[in-house]
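Please read the structure below before turning to the comments.
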């Protein structure tokens, strides 16, 4: 893949200044790869020289890609010939855009280009690529069976140590101690279809076997020290990784809390309370559907984010259902949300708007703190002691510390222009009544219409 992308990049570099290079009949971009990959060369020959379709008469065969390629390189249609220069310009623009996209550091493509110093590019990993020729492309075939062998040994021998079980599992997988077939005489009917192999260890001379066993006995302490060092480094890595994940989760919690403070203030200021208000305000938008969608989404997010009703979150669009995200669907959903809100208010389970608006400190205190959902995984087997220690390890933070961090994050979001405290404090406005500018313009219109009537009299 990296070699193919390098070839495409080099062609785009030249073709962005001269698009005619892509229309050259002698161009064979992937020939270097086809020379080294017989299967790829065979697929190219089949695609260009064998794959065909039948004409309308049901008898004549036409090569699919040959027709399209010949017409593109040497157009026979008059319209195609007239647009040849425009095609060249279009190819130059597309090559420049393709290069910009390939060099984008946010995409994985850049990591595979030699010109960009990608760690997965052919230019950087050429030596590693030569060393890995012939190995398995993935470890799925081997890794699962290795752990299965290790688990089988632990279950079969409950008192065995992890070190011994690991050694036995390694010898079983590598078959380094396989004894082969030791049956001296066997009937032809009971002869196995596959003869058991004998490991290389038992093929060695007896003195060399004894030397290997003695070497293992003498170096076991040194190997244990090396293994202990490796395990300690791995534990340190996991500990650092857990701290990084915890920091990321706290960062996401502070951001969510900052947004909750913003939407909670909007809910206190201009959250609708009745279905009649919904109908009145939506009618005030007239035919401006986008403004209706924006308003409905804000009202729903006042509850899902401001009140931390994550269970009431709803998709804003769907490729499978065109009705999702429409004005009618969101209006109906907002009415259901209001019904739930009224039921909770009657039970006294929601913050009081009047008390929250009394002072800014009460407003922050009344805002429900969001709860981030952590990833959960299905438990496989019996949890180990380490898993139990990790699950029971929890960090408690002071609510005042979390609130202060959320206020700081809210200020950062306001500085970036993602939220606006002035907009958050705007009250609910009845859009059915004309504003001041509309009333002034209507009075000016009536005055202007009245002037000609006075002149006639």
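Residue numbers (the numbering used here): 265 to 721. Just so you know, even glycine gets a beta-carbon here, dropped at the ideal spot from N, CA and C.
| request: May I ask you to report which of helix, strand or coil DSSP gives residue 378? | output: coil
| query | In this structure, does DSSP put residue 272 in helix, strand or coil? | reply | helix
| said: Please state whether the Cβ-Cβ distance between residue 672 and residue 572 is less than 9 angstroms. | reply: no
| task | Sort 599, 524, 693 and 691 by Cα distance to residue 670 and report the nearest one. | result | Looking at the Cα atoms, 524 is the closest of the given residues.
| message | Taking the beta strand (DSSP E) that residue 587 belongs to, which residues open and close that run? | response | Residue 587 -> no beta strand (DSSP E), and no H or E assigned at all.
| request: Compute the minimum distance between the beta carbon of residue 616 and the heavy atoms of the ligand PLP, and state whether it is under 8 angstroms. | output: As for the ligand PLP, it is missing from this structure, which has no ligand bound.
| query | Over what stretch of residues does the alpha helix (DSSP H) that includes residue 544 continue unbroken? | reply | 539-548
| query | Hey, how far is the Cα of residue 674 from the Cα of residue 688? | reply | 12 angstroms
| C-alpha gap between residue 373 and residue 468, whole angstroms | 51 angstroms
| message | At the level of alpha carbons, what is the spacing between residue 296 and residue 304? | response | 11 angstroms
| For residue 382 and residue 368, the rounded distance between their alpha carbons | 12 angstroms
| message | Would you call the stretch 355-362 in contact with the stretch 280-300, where contact means no fewer than 3 C-beta pairs closer than 8 angstroms? | response | Contact annotation: the stretch 355-362 touches the stretch 280-300, with at least three C-beta pairs closer than 8 angstroms.
| Among 577, 575 and 567, which one has its Cα closest to the Cα of residue 605? | Sorting 577, 575 and 567 by C-alpha distance to the C-alpha of residue 605 places 567 at the top.
| said: With distance defined between alpha-carbon atoms, name the residue in 507, 286, 380 and 315 nearest to residue 348. | reply: 286
| query | Can you tell which of 313, 271 and 496 has its C-alpha closest to the C-alpha of residue 326? | reply | Selected option, being the one with the closest Cα: 313.
| Three-way DSSP call (helix, strand, coil) for residue 637 in this model | When DSSP states are grouped into helix, strand and coil, residue 637 belongs to the coil group.
| field | Limits of the unbroken alpha helix (DSSP H) element including residue 206 | value | Within the shown structure, residues of the chain are numbered from 265 to 721, placing residue 206 beyond reach of any answer.
| message | Give me the DSSP bridge partner(s) of residue 316. | response | 327
| query | Would residue 548 pass as a contact of residue 377 if the rule is Cβ separation under 9 angstroms? | reply | no
| said: Assuming residue 362 is part of the alpha helix (DSSP H), what are its boundary residues? | reply: 348-366
| task | Would you kindly report the start and end of the unbroken alpha helix (DSSP H) that includes residue 663? | result | 663-679
| query | Is the number of C-beta pairs between the stretch 527-546 and the stretch 598-618 that are closer than 8 angstroms three or more? | reply | Output reads yes: the stretch 598-618 touches the stretch 527-546.
| field | Distance between residue 533 and residue 610 (C-alpha atoms, nearest Å) | value | 20 angstroms
| For residue 265, which of helix, strand or coil comes out of DSSP? | In this structure, residue 265 counts as coil in the three-state DSSP scheme.
| Whether residue 412 touches residue 272 by CB criterion (9 angstroms) | The criterion of a C-beta distance shorter than 9 angstroms is not satisfied by residue 412 and residue 272.
| query | Rounded to the nearest angstrom, how far is the Cβ of residue 433 from that of residue 417, given a contact under 8 angstroms? | reply | Yes, residue 433 and residue 417 are in contact; Cβ-Cβ is about 6 angstroms, under 8 angstroms.
| Cβ-based neighbour list, residue 426, same chain, cut-off 6 angstroms, excluding 5 preceding and 5 following | none
| message | Counting only C-beta atoms, is residue 562 closer than 9 angstroms to chain C at any point? | response | The structure shown contains no chain C; it holds only a single protein chain.
| Beta-carbon proximity check, residue 292 vs residue 337, cutoff 9 angstroms | Going by beta carbons, residue 292 and residue 337 fall outside the 9 angstroms limit.
| task | In the DSSP assignment, find the unbroken alpha helix (DSSP H) run with residue 559 in it and report its ends. | result | 553-568
| query | Quick one: is residue 501 buried, meaning 16 or more other Cβ sit within 10 Å of its Cβ, or exposed? | reply | exposed
| message | Tell me which residue opens and which closes the alpha helix (DSSP H) that residue 490 is part of. | response | Here the alpha helix (DSSP H) through residue 490 covers 484-534.
| task | Please classify residue 788: does DSSP put it in a helix, a strand, or coil? | result | Any answer about residue 788 is impossible in this case: the structure gives the chain only from 265 up to 721.
| request: May I ask which residues mark the beginning and end of the alpha helix (DSSP H) holding residue 687? | output: 685-688
| query | Buried or exposed: residue 385, going by 16 or more other Cβ atoms within 10 Å of its Cβ? | reply | Classification for residue 385: buried.
| field | 8 angstroms contact criterion, which residue 683 and residue 633 should meet: CB distance rounded | value | That belief does not hold up - the Cβ atoms of residue 683 and residue 633 are roughly 18 angstroms apart, past 8 angstroms.
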